[in-house]
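The structure appears below as structure tokens.
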Amino acid sequence: MAKLGYFPGCSLHASAHELDDSTKALAFRLGVELTEIPDWTCCGATAAHSVNRLLSVSLPARNLSLAVTAGLDTIMAPCAACFNRLAVARHELMKHEALRKQVERIIERPLDRIPQVHSVLSWLLAEVEKGTDWVKVDLSGMKVACYYGCLLLRPPSVIVFDDPEQPVSMETIVKAVGVEPVDWHCRLRCCGAGFSVSRTGIVLRLVREILSDARDAGADAVVVGCPMCHSNLDLRQKAAVERDAGMPILFLPQLLGLAAGCGARELGLLDHMVDTQGLLGKIPVGKV
Amino acid sequence: MAKIGVFVCHCGENIGRTVDCAEVARRAMDLPGVIHAVDYKYMCSDPGQRWIIDAVREKGLDGVVVASCSPHMHEKTFREAVAAAGLNPFLCEMANIREHCSWVHENRMQATDKAADLVRIMVEKVKRNRPLQPIKVPVTKRALVIGGGIAGIQTALDIANAGVEVVLVEKEPSIGGHMAQLSETFPTLDCSQCIMTPRMVEVRQHPRIQLYTYSEVDSVDGYIGNFTVKIRKKARSVDLDKCTGCGVCTTKCPVKGIPNQFDRGLGTRRAIYVPFPQAVPNVPVIDRERCRYFQTGKCGVCAKVCQADAVNYEQTDEMVEESVGAIVVATGFELYDVGQGMEEGHRGYGEYGYGQDPDIIDGLQFERLASASGPTSGEIRRPSDGKVPERVVFIQCVGSRDEAKGISYCSKICCMYTAKHAILFKHKVHHGQAYIFYMDVRAGGKGYEEFVRRAVEEDGALYVRGRVSEVVRRKDKLLVRGADTLMGRPVQIEADMVVLATAVKPQPGIEALAQKLRTSYDDYHFFKEAHPKLRPVESSSAGIFLAGACQAPRDIPDSVAMASAAASKVLGLFGAKELEREPIVARVNEVTCVGCFQCEKVCAYGAIERKEIRDRKGQLIKVVARVNEGVCQGCGTCQATCPSKSVELEGFTDEEIFAEINAVPVPS
Amino acid sequence: MRTLDLSRTSDGISDKLKRICGEAVERCYQCGKCTAGCPVAEDMDMPANQVIRLVQLGQGELALESEAIWLCLGCETCTARCPREVDLAGIMDALRELSMERNPAKAARKIRAFHQAFLDQIKLFGRVPEFALIGEYKLRSWAFFQDVLDAPTMAKKGKIKLMPQKVKGASEVRRIFKRCMEESARREK
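The listed protein sequences correspond, in order, to chains A, B and C. Position 196 of the first sequence, counting from 1, maps to 196 under the working numbering, and the rest follow consecutively. Numbers given in the working numbering equal positions in the second sequence, counted from 1, plus 1000. Numbers given in the working numbering equal positions in the third sequence, counted from 1, plus 2000.
Here it is as structure tokens:
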């Protein structure tokens, strides 16, 4: 079994546990062994880089060092924010020797080797390129809006595996399991991020725009790669849109998990605020 | 015994304040071989030069050292003075005690010592200098112009009208370049083709212009005054001499709908086509990759309907050789492709959707829409559905002034042509509104500022100061998200069409031509001028001149002016019977040369030739190197490379240089 | 709107900024592309390009007092599209860092309170238990009644975990915090 370091991040154990459940279920079907980085701590998310630059590099650096110590030379963080902080920290540490030495002192751990950092996008893109014989359920007919959000592809100097303005990785992944990605325009529009609680009005405005574009494009669901995006689009959907018919918001591993034949409960699909039963009812349960 | 004269200049206060010039002259008199040493306030002045001339004559000096400024400044002055006195000018050297001494030191005592040392070094060199004569090179009085746009056309006409033969090579099937694609030109709004086509016809009919269209330069050999150029005439598949230009073939060809390059993809053509109605020559060409006959062997309709029997499928590329004395490069520009055809190293503009959405076009495409001979007969209609757009957003600086995704420089012409587009749009769509997102409006030419004001005040163009972040399709409109930095607010516009003013770049693949010509290009691959201020139409290579936008983004009046300037350089070159060149060239000692040809490998100018040395019976003894005096630029690389010390630069022989080195004082 | 006195070329903010994030504000030529793409530009008291303009004019203190720097989402759209490759998101971070010593603009209080609550949780537990985060945020911001109605549904779906996990690295993380604050303060001297 291929070994992959796993950084769940704080929200995956609580409000975004569906992402944790589905990632693990999918990884099993893909034959990937996820090894959680022992004793990992918070990456600092938005709060750390908003307040202190040194802290914003040191907190992720601790986790990068722990991974190497545990023998993991590649790690994956399903949460887009965690991925972004880890990837940016890696980039800064590799670029600036003086910073690396300073952070080594601060975290009291070695940084001579730094693991590769994958997002759920780059990880799954590599997986589907290897082959799709793990796909057991025919999802053709389902149309989804691939929502990248901000942090999976930016800053372009750090995250280089896809085009930052016209990305194709998520579309490639969903097409590989027979799902049709719709052509829509809010793919990279920010959802409002961490303002969910402190400035809810802004989030509602941004979410409204994203969801109406997805609806106009004919999507059955919106696929996301970030717990923050999910929370804003799912938890806040009722307040933003004031409609009965909801737009289900799926995590990318949940969608692929469905294709792999996982059950809805296993993937956490029954724990969303916006009902997914309607969508699940349309999927024919059958072999490919 | 040598009779050297030393002349030390004060250069006013420039040298005199830091160096004790009188002392330097005194010490020079103690040097072996120096019989005359004086100092003076301004050696380069008339009285100063007079002193030198008189001293040479009266004392019979056989060598002169002028200790003053850099040779870049006055070597020519002093050598001419010395020549006027009857002494070979190459027996006069300069010791730079200004840029290399007084300008970079402060301590008077040490600077004076150094100046005296510099004088001694040059005295030792001059004792070993040999008299040299300028080299005379014959000149072929014919010119080659590469590129048949407005600059190439102007150059060719100017040279030909002066009585000199010109060969004009153009890679497209017709001359005219980008100017032929324009609708109207700023600031007069003249119809572009109306003012240009008379010139194009003049070129075609001129008795002294040999026009090769649909042709490219294949190779260039030789040197200034004596170039041999091989030109590839690509196979048109139509006989130029037989074709009458009736155009029937272009209407009968069954292969239709090919995106037309002249209309930049907005219009279509057939497999046999004339690029545009006013093409010169008005002879069609067959696109063999799309032609049914060439791809499948079937069809042949054009040959059948041609009354003049001009279609010739058997035609092949033909090579011709021309001898010329000067070359003018006028290859023009191309617009930066911000869409799918992205060049390596550029990130492109995915956020503007060019290439993804048909209603997002570039400036030249808008010209074709506006042009009466264009795909919409001059009506502004958007490509997606042919509707007349009411709100058009023009975005400036797409690719320009943008080192993140494009190039750092300003493309110069876009502010003006965008103002023009706004005016044309308003003239054709009376109820339309043009919006222009800009950073700065650059309108420096004659009548240019007034033209921009006209766009604003008479034709209602709304200029919004700020860049655009993204353009997204919203059903049948394009949502443009920009900013007005003057108000400090984000703005948005629902537009019907968006026009991007994309950056001006050199022709793609121009590097290959530059290499054939052995001439330099800059970081952006524009041809490099010899000096940015004072020699803008000469390239870095002797005998090769530059005209138009191939050297930098340029509008039509400047291109035409530069073209005439290049022509005058060519005519100046041809004015003399022979070319005189400075004799600072390399010479091979054929006795010691072993024929290893390391020099040939390192010569950047291709000046090393091979010479066979034969005995009386005609048998080959050895092959040695020989320097072509016409091409050699005197860089000295061969001299440094030669393992047997068989090649030396006249005026900088090993003996002379070692004399200088040995004269440098060794600290005790 | 009072006149800005530019006789004094700089209040030192641009140098401090450069020491934190390495960016040179002189590179910005005020094209406004950042403002054009900013999702919260319409909510800011001054848009992104004007925040940098203040620093360019030597009036960085005014930028530190703005609400705008706290409204920045950190979405990095500006950085991704800036034609001069100015990392504006990084500059916003650095301005926030510099403004921590001051009282926040009234409108930004809630946002700062959220960040501080978040960081406090990391210091205490090494990871952020969301229930405790929301609790502390409410205390700091007095937004007691917000989202209360959603709580039971969220709990049923397993989205609220009451007990924080035990993480050994918490004490290490506390030391990291302390050292970062000390080294940042030392840099400013």
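Backbone N, C-alpha and C define an ideal beta-carbon position, used for all residues, glycine too.
Item: Cβ distance (whole Å) where residue 1373(B) is taken to contact residue 1254(B) below 8 Å; Value: About 24 Å separates the two Cβ atoms, so there is no contact after all.
Item: Straight-line gap, residue 17(A) to residue 1398(B) (C-alpha atoms, nearest Å); Value: 44 Å
Item: Members of the region 2034-2047 of chain C that neighbour chain B once the beta carbon cut-off is set at 9 Å; Value: 2034, 2035, 2036, 2037, 2038, 2041, 2042, 2046, 2047
Item: Neighbour flag for residue 80(A) against chain B, beta carbons, 8 Å; Value: no
Item: Distance between residue 1365(B) and residue 120(A) (C-alpha atoms, nearest Å); Value: 41 Å
Item: Under the three-state DSSP convention, the category residue 272(A) falls into; Value: coil
Item: Alpha carbon of residue 1367(B) to alpha carbon of residue 1299(B), nearest angstrom; Value: 35 Å
Item: For residue 232(A), the three-state DSSP class (helix, strand or coil); Value: helix
Item: Sequence-distant residues of its chain with Cβ nearer than 6 Å to residue 995(B) (five each side left out); Value: With chain B covering only 1001 through 1668, there is no way to say anything about residue 995(B).
Item: Chain-ordered neighbours of residue 2085(C) on chain B, where CB pairs are closer than 8 Å; Value: 1403, 1404
Item: Residue-chain proximity (residue 2007(C), chain A), Cβ-Cβ < 8 Å; Value: no
Item: Cβ-based contacts, 7 Å cut-off: residues of the region 185-200 of chain A near chain B; Value: 185
Item: Assigned exposure category for residue 19(A) - 16 Cβ within 10 Å defines buried; Value: buried
Item: Cutoff 8 Å: residue 283(A) Cβ touching any chain C Cβ; Value: no
Item: Cβ neighbour criterion (16 or more within 10 Å) applied to residue 1644(B); Value: exposed
Item: Residue 2059(C) at chain B interface by Cβ criterion, 8 Å; Value: no
Item: Residues that residue 1233(B) bridges to, as DSSP identifies them; Value: 1215(B), 1318(B)
Item: Counted within 10 angstroms of its Cβ, other Cβ atoms place residue 1353(B) as buried (16 or more) or exposed; Value: buried
Item: Environment of residue 2(A) [buried if 16+ CB atoms lie within 10 Å]; Value: exposed
Item: Contact between the region 1495-1505 of chain B and the region 1325-1336 of chain B (3+ Cβ pairs under 8 Å); Value: yes
Item: Stretch-stretch touch, CB-based, cutoff 8 Å, three pairs: the region 203-222 of chain A with the region 239-255 of chain A; Value: yes
Item: Spatial neighbours of residue 288(A) in its chain, beta-carbon cut-off 6 Å, leaving aside the 5 residues before and after; Value: Any reading at residue 288(A) must be qualified, since the residue scores a pLDDT of 34, below 50, and its modelled position is unreliable; no value is offered.
Item: Cβ pair residue 1649(B), residue 1584(B) closer than 8 Å; Value: yes
Item: Min CB distance residue 2100(C) to chain A below 8 Å; Value: yes
Item: Alpha helix (DSSP H) segment containing residue 1275(B), residue limits; Value: Taken as a continuous stretch (DSSP letters only), residue 1275(B) belongs to no alpha helix (DSSP H), as it is neither H nor E.
Item: 8 Å Cβ cutoff, residue 22(A) in contact with chain C; Value: no
Item: Positions along the region 163-175 of chain A whose CB lies within less than 8 Å of some CB in chain B; Value: 163, 164, 165, 166
Item: Boundaries (first-last residue) of the beta strand (DSSP E) holding residue 1040(B); Value: 1034-1040
Item: Exposed unless 16 or more other CB atoms sit within 10 angstroms - verdict on residue 1323(B); Value: exposed
Item: Residue 1214(B) and residue 1285(B) closer than 8 Å at C-beta; Value: yes
Item: Bounding residues of the alpha helix (DSSP H) (the contiguous stretch that carries residue 1379(B)); Value: Taken as a continuous stretch (DSSP letters only), residue 1379(B) belongs to no alpha helix (DSSP H), as it is neither H nor E.
Item: DSSP bridge partner residues for residue 116(A) (one or two, in chain order); Value: 74(A)
Item: Given residue 196(A) as reference, the closest of 248(A), 69(A), 247(A), 46(A) once Cα atoms are compared; Value: 46(A)
Item: Contact set for residue 89(A): own chain, Cβ-Cβ below 7 Å, skip 5 residues either direction; Value: 57, 60, 61, 64
Item: Under 8 Å between C-beta atoms of residue 1588(B) and residue 1625(B); Value: yes
Item: Partners in chain B for residue 2075(C), counting only beta-carbon separations shorter than 9 Å; Value: In chain order: nothing, as chain B lies at least about 12 Å away.
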